[in-house]
Amino acid sequence: MRGFSARAAKHGGRDGRVIFDMRRHKIARRVTVPLAGASTPSWSPDGRRLVFTGYDGGLSDLFVIDADGTGLERLTHDRYAELHPAWSPDGSTIAFATDRGPRTTLATLTFGPLGLALYHLDDGRVELLNHMRRENITPQWAPDGASLAFISDRTGVANVFLYDFTDRAVYQLTNVFTGIAGITPISPAISWAGQADRLAITYYEQGDYDVYVIDNPRALQRRPYEPAAPLVASATGDGDDGGGEELAAAVRDDARDPVDDRRRHRVGGAEVDPDDGALLAHPRKLQRSFL
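Counting from 5, one number per residue, gives the positions in the sequence shown under this note's numbering.
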């Protein structure tokens with residue numbers, strides 16, 4: 005809903021939703037739910053409903069509710085984790101993070117890493133997205149609904165990636181040193197403003213969490229992400245000179261395709277060329293940290 009923000013908040017000892025009026029800088033209303041807990045609400049495109057993660061009976065499932073607090077509906081009812089729901093721009097699909105998949109076995113309480121999935125509202129079908137390596141959280145829709153930004157630690161450090169529905173490939177958008185992260189490992193840390201086409205991220209640096217913005221984040225999209233090849237060490241010797249050791253390291257080619265002037269973009273108000281390294285706009289300084 006334009007001009008309003010929904011947040012999870014405690015009230016009277018229970019979790020609920022707080023609808024905050026951004027123009028008047030005050031709480032417009034509180035929405036309580038008959039659940040043990042609730043988190044990460046997301047607006048429907050028409051501003052009439054909210055989707056959120058609800059906790060009930062030890063389970064985390066997806067729920068929707070009308071903005072006035074009526075019409076509570078449970079979308080999922082299973083033992084998988086279902087976190088960080090985000091409503092698609094056309095209102096037909098909800099993206100979320102989940103541990104469902106081949107690496108999770110409920111019978112033995114073996115849980116795999118979080119990947120991304122889509123909940124299709126027309127038939128209740130859950131679709132798992134491919135190329136989900138390690139932990140993947142906080143999906144955020146592009147304004148046109150053709151891609152999803154999300155956080156993944158597949159490189160060893162949490163960074164922003166993009167899932168493109170056109171080619172079903174994943175692209176790395178950022179390459180920060182200390183991680184795009186919130187207070188906890190699965191705290192939401194990015195948000196994509198559809199009308200402004202601006203991605204806000206939480207970046208951990210120098211012991212603090214700072215918020216940065218990237219205008220036109222899809223301008224950072226290059227070639228599909230491929231995991232780095234493993235390091236391979238080999239020892240060789242001819243037996244005459246006592247032998248020797250040779251280290252062969254196979255690493256990913258980080259060369260980037262050339263970008264013309266039309267692909268220049270703005271990060272925190274500064275126009276940059278992604279080939280030169282994008283700038284993180286800090287209230288006190290500019291830091292070169294992106295690809």
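A virtual CB, placed ideally from N, CA and C, is assigned to each residue, including glycine.
query                                                                                                                      : result
Minimum length 3: unbroken beta strand (DSSP E) runs contained in the stretch 176-244                                      : 194-197, 202-209, 212-219, 235-240
Touching by the beta-carbon criterion (3+ pairs, under 8 Å), the stretch 115-131 and the stretch 214-230                   : no
Touching by the beta-carbon criterion (3+ pairs, under 8 Å), the stretch 169-176 and the stretch 190-201                   : no
T108 versus M136 - alpha carbon distance                                                                                   : 14 Å
Within 8 Å, strictly: CB atoms of G3 and S92                                                                               : The chain is shown from 5 up to 295; residue 3 falls before or after that span and cannot be answered.
V217 versus D65: straight-line alpha-carbon distance, rounded                                                              : 30 Å
Nearest neighbour of P189, chosen from H81, I69, L76, P117 [CA to CA]                                                      : P117
DSSP-derived helix/strand/coil call for A111                                                                               : helix
Residue from R83, G51, D50 whose Cα sits closest to the Cα of G58                                                          : R83
Exposure of Q144, with buried meaning 16 or more beta-carbon neighbours within 10 Å                                        : buried
Chain-order list of residues whose beta-carbon lies under 6 Å from that of R158 (same chain, five-residue window excluded) : R137, R138
Span of the beta strand (DSSP E) around T80                                                                                : Looking at the DSSP string, T80 is not in any beta strand (DSSP E), and its letter there is neither H nor E.
Exposed unless 16 or more other CB atoms sit within 10 angstroms - verdict on G81                                          : The amino acid occupying residue 81 in the given sequence is His; Gly does not appear at that position. It counts as exposed.
Selection from A162, G61, L113 that minimises the alpha carbon distance to I187                                            : A162
beta-carbon F169 near the ligand HEM non-hydrogen atom, thresh 7 Å                                                         : Among the components of this structure there are no ligands whatsoever, and the ligand HEM is therefore not found.
Residues bridged to G119 (per DSSP)                                                                                        : T102
Beta-carbon proximity list for L63, same chain, < 8 Å, skipping 5 on both sides                                            : H81, D82, R83
8 Å Cβ cutoff met for I98 and L125                                                                                         : yes
Distance, T142 Cα to I155 Cα                                                                                               : 6 Å
For R300, three-class secondary structure by DSSP                                                                          : Since the displayed the chain opens at 5 and closes at 295, residue 300 lies outside it and no answer follows.
D94 beta carbon less than 8 Å from that of P49                                                                             : yes
Residues that DSSP places opposite E86 in a beta bridge                                                                    : T102
Contact set for R78: own chain, Cβ-Cβ below 7 Å, skip 5 residues either direction                                          : D65, F67
Classification of G183 by the beta-carbon crowding that lies within 10 angstroms, buried from 16 upward                    : buried
Under 8 Å between C-beta atoms of Y175 and P228                                                                            : yes
Where H135 falls: helix, strand or coil (DSSP)                                                                             : coil
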